[in-house]
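Just so we're aligned, residue -14 is where the sequence shown starts under my numbering, counting upward by one. Backbone N, C-alpha and C fix where the C-beta goes; we use that ideal spot for every residue, glycine too. Model, not experiment: these values are computed from the prediction. Here's the structure we're looking at; comments come further down.
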Amino acid sequence: MSPPHIAIVGGGIAGLSAAWYVQQRGLSYTLLEQSDRWGGKLLTEWIDGFVVEGGPDSFITQKPWGVQLARELGLGERLLGTNDAARKVYVLHKGRPTPLPDGVLLIVPTKFKPFVLSSLISPLGKLRMGLDLIIPARRDGQDETLADFVTRRLGREALDKIAEPLLSGIYNAEADKQSLLATFPRFRQLEQEHGSLTRGILASRRSRQAAPQPSANGKAPSMFVSFTGGVEELVQALCAQLTGNLRLHCPVAALRRLDQRGFALDLADGSTLQADAVILATPAFVAADLLAEQAPEAAAGLAGIRYVGTGTISLAFRRADLPAQLPGFGVVIPASERRPINAITVSSVKFDGRAPEGTVLLRAFFGGSRSPQSMALDDEALLRTVRGELRSLLDIDAQPLLHRIYRWPRSNPQYDVGHLERVAAIEAALPAGLWVTGSPYRGVGIPDCVKQAQDTAAAVSDYLS
Ligand SMILES: Cc1cc2nc3c(=O)[nH]c(=O)nc-3n(C[C@H](O)[C@H](O)[C@H](O)COP(=O)(O)OP(=O)(O)OC[C@H]3O[C@@H](n4cnc5c(N)ncnc54)[C@H](O)[C@@H]3O)c2cc1C
């Protein structure tokens, strides 16, 4: 009897990691990717000494699975923390970048003086944030929107000026639809344990300070890391060390269950691949199409996961052509400011080595629910719009040395209220021997995708044995 074989569909970070963890368990697999490159949304270009990121530029270290994978692949020495000496984040407030007060942790102030002196939140808004210390905790365990949670605990201004641009921004989500339990479950946990979010965040900071986790080089770990050559290094290392059957230009067009056990996958070149187990690491709407006939209930749940499209534009400048003051790591833009972009990152300040000496690399984000109109602009109009924003918000009038636009239509799954229940229902309705994994389900970040791939590989291995 031949050993069991696994088909993994989708060669983004979720599919590549699933292949890696299946391989670690000694199982045989084929990884199928429709496009001409591996990595999905992980895309780095190296242009004239600039390291230009098209999708993610880093990943969080508090969720350890991304860093663990990097170390397993021998990339430990290539990990690159953010340039924390220059860490400062600005929030656009009445059209001007205004510093986020020193000491704001996630959404709560942890230092009294900078918070009181900050012009970002009005005096009444600050008092309202203080009420978090006395408002009773919600204890019914039900999901709610991030907007409801933050407004309930800290007030409307904290939502508008801090939580919406920073926390919904990460998910490209709308705060008044975004599920608290699927995106920031820790907030609810802290509220329940400490009766107040502020007290909870302060307590977890104290316990972290009491037991610091040193990184491999003995220094305090950075909250976000990338690699010396950009995030795509992770993809390159995976591809170099995956020994299974890896196939690009290979869209899976249909999927059938076989009578005995296993599945047949119809590939776009007319051939068929048989597999004992299948991992779908594609966007949810692709999984929905593939499962429409075989598992209609799961397919309906998958089709119900909403997506928005986003994009990034990187622009390089001569340092001498820019104003002396640049806004630290960058500026986040609240939806209420109604701008055609959502945020600006100063990439070459955030990470060392992103731009040659004497130059600066900036990146603007557009699309999603905040600026959907910008997704519809052609390249020329988009460049004009973004340069107009740089002029108006940062006084940057110079001609860029180069620019690159990356569009990601239908790229960001939306974790609306009830998302975790939806995912549980999808999983329960999947046929035996088939799994879905990746960003549409239990976390969108790179470490979340790696963790889901790890868990899926373990489940597949159990099933096959
Ligand atoms: C602009 C942007 C910035 C981001 N920034 C960050 C960040 O800084 N940090 C962070 O942690 N995360 C970030 N994210 C989120 C993160 O990049 C994604 O959630 C993650 O990369 C998704 O990985 P995935 O493998 O689930 O999906 P994908 O990368 O979408 O991979 C799915 C793959 O499936 C393939 N596929 C689709 N249909 C088929 C088919 N029929 N047959 C075969 N293959 C198919 C696709 O071609 C694709 O390669 C960002 C996302 C975007 C868009």
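{"Check": "Measuring CA to CA, which of P84, P394 and E18 is closest to V317?", "Outcome": "P84"}
{"Check": "Given the structure, does G25 come close to ligand 1, in the sense that its CB is under 7 Å from one of the ligand's heavy atoms?", "Outcome": "yes"}
{"Check": "Assuming H179 is part of the alpha helix (DSSP H), what are its boundary residues?", "Outcome": "P170 to H179"}
{"Check": "I'd like to know whether the C-beta atoms of I92 and I147 end up nearer to each other than 8 Å.", "Outcome": "yes"}
{"Check": "In or out: L112 buried (at least 16 other Cβ within 10 Å) or exposed?", "Outcome": "exposed"}
{"Check": "What three-state label does DSSP hand H404 in the structure shown?", "Outcome": "helix"}
{"Check": "Within a Cβ cutoff of 7 Å, which residues of the same chain sit near I390, ignoring the five residues on either side of it in sequence?", "Outcome": "G296, I298, D364 and L367"}
{"Check": "I need the straight-line Cα distance from I119 to S181, nearest angstrom please.", "Outcome": "7 Å"}
{"Check": "Within 10 Å of its beta-carbon, does L90 have 16 or more other beta-carbons around it, so buried, or fewer, so exposed?", "Outcome": "exposed"}
{"Check": "Helix, strand or coil for P425? Go by DSSP, reduced to three states.", "Outcome": "coil"}
{"Check": "Closest to A188 by CA distance: which of P94, G403 and L151 is it?", "Outcome": "P94"}
{"Check": "Using CA coordinates, which residue listed in V402, D254, L346 and I264 is at the minimum distance from G289?", "Outcome": "V402"}
{"Check": "Starting from the C-beta of G140, find all residues in its chain whose C-beta is less than 8 Å away, skip the five residues before and the five after it, and write them out in chain order.", "Outcome": "G110, R113, M114 and L116"}
{"Check": "Could you tell me if the beta carbon of V271 falls within a distance shorter than 7 Å of some heavy atom in ligand 1?", "Outcome": "yes"}
{"Check": "Within the present structure, is the beta-carbon of E18 separated from the nearest heavy atom of ligand 1 by less than 7 Å?", "Outcome": "yes"}
{"Check": "Taking only the alpha-carbon atoms, compute the straight-line gap between N230 and E57 and give it to the nearest angstrom.", "Outcome": "21 Å"}
{"Check": "Check whether the Cβ of N230 sits closer than 7 Å to any heavy atom of ligand 1, and report yes or no.", "Outcome": "no"}
{"Check": "Report the residue from V293, V216 and Q19 whose alpha carbon sits nearest the alpha carbon of P41.", "Outcome": "V216"}
{"Check": "With distances taken between CB atoms, is the gap from V263 to A(-1) smaller than 8 Å?", "Outcome": "no"}
{"Check": "Rounded to whole angstroms, what's the CA-CA distance from P394 to R323? Just pull it up for me.", "Outcome": "21 Å"}
{"Check": "Are V74 and G294 touching if we call contact CB-CB under 8 Å?", "Outcome": "no"}
{"Check": "For R241 and F248, what's the separation of their Cα atoms in angstroms?", "Outcome": "6 Å"}
{"Check": "In three-state terms, what does DSSP make of I390?", "Outcome": "strand"}
{"Check": "Quick one: measure Cβ to Cβ for E18 and L219, integer angstroms, because I've assumed they're closer than 8 Å.", "Outcome": "Contact doesn't hold; Cβ gap of about 16 Å is too wide."}
{"Check": "Spell out a yes or no on whether the segment 62 to 73 and the segment 418 to 428 are touching, meaning 3 or more CB-CB pairs, one atom from each, closer than 8 Å.", "Outcome": "no"}
{"Check": "DSSP on P99, reduced to helix/strand/coil?", "Outcome": "helix"}
{"Check": "Tell me whether the beta-carbon of A122 lies closer than 8 Å to the beta-carbon of L144.", "Outcome": "no"}
{"Check": "Report the rounded CA-to-CA distance for E176 versus R184, giving the unit in angstroms.", "Outcome": "8 Å"}
{"Check": "Would you check if the distance between the CB atom of T370 and the CB atom of R348 is smaller than 8 Å?", "Outcome": "no"}
{"Check": "With respect to 7 Å, is the separation between the Cβ of P385 and the closest non-hydrogen atom of ligand 1 below this value?", "Outcome": "no"}
{"Check": "Identify every run of the beta strand (DSSP E) within the segment 60 to 121, keeping only runs that are complete inside it and at least 3 residues long; order them along the chain.", "Outcome": "64 to 66, 74 to 78 and 81 to 84"}
{"Check": "Once the 5 residues before and after S321 are set aside, which same chain residues still bring their CB inside 7 Å of it?", "Outcome": "D145"}
{"Check": "Could you tell me if D380 is buried or exposed, where buried requires 16 or more neighbouring beta carbons within 10 angstroms of its beta carbon?", "Outcome": "exposed"}
{"Check": "Does the structure place the segment 333 to 350 close enough to the segment 301 to 315 that three or more beta carbon pairs sit under 8 Å?", "Outcome": "yes"}
{"Check": "Give the DSSP-derived three-state secondary structure of V331 in the structure shown.", "Outcome": "strand"}
{"Check": "May I ask you to report which of helix, strand or coil DSSP gives L231?", "Outcome": "strand"}
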